[in-house]
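Trainee: Residue numbers (the numbering used here): 1 to 168.
Glycine residues also receive a C-beta, built at the ideal position from the N, C-alpha and C atoms.
This is the structure I want to talk about, given as C-alpha cells.
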C-alpha cells in the first residue's frame, strides 16, 4: 500500500510539473507565435498518467474497503468540484480575452475581435495558461478520484447484485 501511495504522490508531482511547464509556454498577450503549440507534445503524457492514477485510486479504495456511502460522497463532492472548476475556468478565459484585447489595442491602436476569438479558442499557445494552471491541476486530480469512485462503486453494486441473485 505504501508503494501505491508513493507512486500516486510522485505522479501528482510529475503532473504538477507538466502543468507548470505548459503554463510557462504561453506567449505574452499581444504577441504572436508561428510555432504552433509545442506544449501539446508534453500534454499527451497526461493521458496515461490519468489512467494510472485512476487505477491507483481504485487500489486504495479496495485496500481500505471504502463503503458505498463514502464512494457516493466522493462522487458528489468531486462532481461538484468539476462543475465549479469548469465555470471558474470559463470566467477566467473571458477575462483573459479582455487582457489580450487590451494588449492589442495598446500595441496596435485597434483590435480585430475575430482574431482574439481565434487565438483563444481551442488549444492554442495563447491560452496554455488558461488550461494548465493550479486550478486545472486540481481539476485533473479531482477527475481521477471521480472516475475511480464511479468505477469502484459500479464494482460494489455489481457484487451486491450477484450476491442478491445467489441468495434467492
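Distance, Cα to Cα, residue 139 vs residue 106?
Mentor: By one-based count along the chain shown, residue 139 stands at place 139. By one-based count along the chain shown, residue 106 stands at place 106. In a straight line, the C-alpha of residue 139 is about 34 Å away from that of residue 106.
Trainee: In angstroms with no decimal places, state the Cα-to-Cα distance between residue 58 and residue 118.
Mentor: As a first step, residue 58 must be located in the chain shown, where it is residue number 58. As a first step, residue 118 must be located in the chain shown, where it is residue number 118. Approximately 40 Å between the Cα atoms of the pair.
Trainee: Would you report the Cα separation of residue 29 and residue 15, rounded to the nearest angstrom?
Mentor: As a position in the chain shown, residue 29 is number 29, starting the count at 1. As a position in the chain shown, residue 15 is number 15, starting the count at 1. So the alpha carbons of these two residues sit roughly 25 Å apart.
Trainee: What does a CB cutoff of less than 8 Å around residue 85 pick up in its chain, not counting 5 residues either side in sequence?
Mentor: Residue numbering aside, residue 85 sits at position 85 when the chain shown is read from its first letter. Only 135, 136, 138, 139 and 142 meet the Cβ criterion.
Trainee: Within the present structure, is the beta-carbon of residue 152 separated from the nearest heavy atom of the ligand GTP by less than 7 Å?
Mentor: Ligands are entirely absent from the displayed structure, and the ligand GTP is therefore not among its contents.
Trainee: Can you list, in chain order, the residues of its chain with a C-beta nearer than 6 Å to that of residue 25? Leave out the 5 residues immediately preceding and following it.
Mentor: Here residue 25 refers to the residue found at position 25 of the chain shown. The residues are 39 and 128.
Trainee: Check residue 53 in the structure and name its three-state DSSP category.
Mentor: By one-based count along the chain shown, residue 53 stands at place 53. Three-state result, residue 53: helix.
Trainee: Among the candidates 154, 122 and 116, whose CA atom is the shortest distance from the CA of residue 101?
Mentor: What you label residue 101 is simply residue 101 of the chain shown in a count that begins at 1. Closest by alpha carbon: 116.
Trainee: For a quick check, are the C-beta atoms of residue 42 and residue 21 less than 8 Å apart?
Mentor: As a position in the chain shown, residue 42 is number 42, starting the count at 1. As a position in the chain shown, residue 21 is number 21, starting the count at 1. In this structure, residue 21 lies closer than 8 Å to residue 42 by Cβ.
Trainee: Can you list the alpha helix (DSSP H) stretches of 4 or more residues lying completely in the region 65 to 126, in chain order?
Mentor: Counting only runs of 4 or more, we get 68 to 108 and 113 to 119.
Trainee: What first and last residue would you give for the alpha helix (DSSP H) that runs through residue 9?
Mentor: Taking the chain shown and counting its residues from 1, one reaches residue 9 at position 9. Unbroken alpha helix (DSSP H) run through residue 9: 2 to 24.
Trainee: Can the beta-carbon of residue 66 be found closer than 8 Å to that of residue 146?
Mentor: In the chain shown, the residue the question calls residue 66 occupies position 66. In the chain shown, the residue the question calls residue 146 occupies position 146. No, Cβ-Cβ distance for residue 66 and residue 146 is not below 8 Å.
Trainee: Could you say which of 81, 93 and 148 lies nearest to residue 169 if we only look at CA atoms?
Mentor: With the chain covering only 1 through 168, there is no way to say anything about residue 169.
Trainee: Following the continuous alpha helix (DSSP H) through residue 129, name the residue where it begins and the one where it ends.
Mentor: Here residue 129 is taken as the residue at index 129 of the chain shown, counted from 1. Residue 129 -> alpha helix (DSSP H) spans 128 to 131.
Trainee: In this structure, does DSSP put residue 31 in helix, strand or coil?
Mentor: Within the chain shown, residue 31 is the residue found at index 31, counting from 1. Note: residue 31 maps to coil in three-state DSSP.
Trainee: Nearest-angstrom Cα distance between residue 8 and residue 109?
Mentor: Along the chain shown, read from residue 1 onward, the residue named residue 8 stands at position 8. Along the chain shown, read from residue 1 onward, the residue named residue 109 stands at position 109. About 50 Å.
Trainee: Expressed to the nearest angstrom, what Euclidean distance is found between the alpha-carbon atoms of residue 79 and residue 132?
Mentor: Within the chain shown, numbered from 1, the residue matching residue 79 stands at position 79. Within the chain shown, numbered from 1, the residue matching residue 132 stands at position 132. C-alpha separation (whole angstroms): 20 Å.
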